[in-house]
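Participant: Mapping the sequence shown onto the UniProt record's numbering, position 53 (from 1) lands on 53, and the numbers just tick up by one. All residues carry an ideal CB built from backbone N, CA and C; glycine is no exception.
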Amino acid sequence: MELSLHRLRMLRELHRRGTVTAAAAALHYTASAVSQQLAQLERDVGSKLFERLGRRVQLTELGTLLTEHAEEILGSVERATHALEEAQEARTVRLTAGVWASVASGLLPTALTALAGEHPGIEVRTRELAPEDTAEAVRDGSLDLSFVIDYSDAPTPWDAGLERAVVAVERLHAAVPRGAVPSGSASLDDLAEHPWILAGAKSHFGRAMRTACRRHGFTPKINHEVEEQSTAMAMVGAGLGITLVSDLGLRLLRPPGIDVVTLTTPLLRTVSIAYRRTAFRRPALHLVIDAVRASAAELGLGTEPALP
């Protein structure tokens with residue numbers, strides 16, 4: 001019997017996700033492709049590995065047994081790869097990183113340019129995801145590393161199987177229509193009466209900003225709920241309300257008609273790189289972290305975490 005690592009990964013994701021559709025989405029395949037590969041795995045084994053129960057899939061006893069061994073096999077392959085990199089002091093490595101707009105535009109261009117100049121064998125590919133989804137993609141092996149956020153008012157629940165390295169700490173600022181706050185600075189509660197433009201409460205950013213406002217004694221009147229920071233900034237420029245934006249967010253295209261107001265009681269967010277504990281000894285990973293930290297330092301961003 002010859003077992004395919006590729007199909008074992010699909011079986012592991014099926015066990016974790018419960019449906020072929022969810023497993024396919026996690027692995028960035030179509031559901032039909034995953035179904036075909038799992039059917040081939042059953043043929044390879046010569047026994048039934050799972051049963052359909054409505055939309056969900058339940059592993060058979062043999063399927064559960066194989067999944068347990070798949071975890072060990074895939075973990076051993078990852079550890080062997082990392083050990084070879086370390087033993088050879090490998091500098092020819094491909095890493096896939098989860099990013100979102102402000103780190104992709106604000107930190108990565110300088111970091112990856114410097115990395116390519118000093119270590120041309122390290123190739124970093126990126127995949128844009130919602131910030132709240134990046135850590136899970138690292139945990140399940142879809143990514144080698146990802147950027148994650150912690151807000152001073154809403155730290156992220158952390159997975160014990162992951163490590164994180166702080167690369168930057170940003171301040172949040174109020175973006176307001178021109179002339180709306182003549183002094184150029186304000187406390188958050190000074191802005192309570194303005195109409196707000198914020199991301200939805202299900203997003204990490206939207207939840208953290210609502211928490212910060214409540215901590216300052218008010219619930220923001222949200223006239224416009226949008227997820228993209230660039231959209232929120234365009235609406236501020238049109239005089240439709242105010243929003244909060246980070247240091248890196250300010251490096252995105254800023255429409256005319258906006259004033260950036262300093263918050264007298266700082267709101268902070270920590271940007272970290274998350275990676276699996278098993279990857280701790282990968283030299284290439286730490287070279288990427290160092291390059292990103294250097295890029296952040298050039299922008300004047302420190303690394304003192306904003307965690308409670």
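DSSP state of R164, grouped into three classes?
Facilitator: For the purposes of this step, residue 164 is taken as the residue at position 164 of the sequence shown. DSSP places R164 in strand when its eight states are reduced to three.
Participant: Please list, in chain order, all residues of the same chain as G184 whose beta carbon is under 8 Å from its beta carbon, the five residues on each side excluded.
Facilitator: Locating residue 184 in the sequence shown gives position 184, counting from the first residue. If we look at G184 and ignore the five residues flanking it on each side, its Cβ neighbours are D259, V261, T262.
Participant: What is the DSSP secondary structure of D259, counted as helix, strand or coil?
Facilitator: Taking the first residue of the sequence shown as position 1, residue 259 is located at position 259. D259 falls in the strand class under three-state DSSP.
Participant: Can you list, in chain order, the residues of its chain with a C-beta nearer than 6 Å to that of A291? Leave out the 5 residues immediately preceding and following it.
Facilitator: On the sequence shown, residue 291 is found 291 positions in, with the first residue counted as 1. Within the same chain, A291 has close Cβ partners A111, A114, L115.
Participant: Buried or exposed: Q229, going by 16 or more other Cβ atoms within 10 Å of its Cβ?
Facilitator: Here residue 229 is taken as the residue at index 229 of the sequence shown, counted from 1. By the 10 Å Cβ count, Q229 comes out buried.
Participant: Under the DSSP definition of a beta bridge, which residues are partnered with H173?
Facilitator: As a working note, residue 173 is residue 173 in the sequence shown. V245.
Participant: For a minimum of 4 consecutive residues, which ranges assigned as the alpha helix (DSSP H) are wholly contained in the region 30-98?
Facilitator: The region 30-98 contains these whole alpha helix (DSSP H) runs: 31-45, 61-87.
Participant: Take the Cβ of L107 as the centre, count every other Cβ of all protein chains shown within 10 Å, and call the residue buried at 16 or more, exposed below.
Facilitator: Start at 1 with the first residue of the sequence shown, and residue 107 comes out as number 107. L107 is buried by the Cβ-count criterion.
Participant: Among residues of its own chain, excluding the 5 on either side of A232, which ones have a beta-carbon nearer than 7 Å to its beta-carbon?
Facilitator: Looking up residue 232 in the sequence shown gives position 232. Only I197, V226, T243 meet the Cβ criterion.
Participant: Within the continuous alpha helix (DSSP H) that includes E298, where are the two ends?
Facilitator: If you number the sequence shown from 1, residue 298 lands on position 298. Taken as a continuous stretch (DSSP letters only), the alpha helix (DSSP H) holding E298 covers 283-298.
Participant: Enumerate in chain order the residues of its own chain whose CB-to-CB distance from P266 is below 7 Å, with the five nearest sequence positions on each side excluded.
Facilitator: Stepping through the sequence shown from its first residue, residue 266 is reached at position 266. So the qualifying residues of the chain are R171.
Participant: Is the separation between the beta-carbon of A296 and that of V148 shorter than 8 Å?
Facilitator: Against the sequence shown, residue 296 aligns to sequence position 296. Against the sequence shown, residue 148 aligns to sequence position 148. It is not a contact, given that the beta carbons lie outside the stated cut-off.
Participant: Considering only C-alpha positions, which residue in the set A238, H194, G237, L240 is nearest to T219?
Facilitator: Here residue 219 corresponds to residue number 219 of the sequence shown, with the count starting at 1. Answer by Cα proximity: H194.
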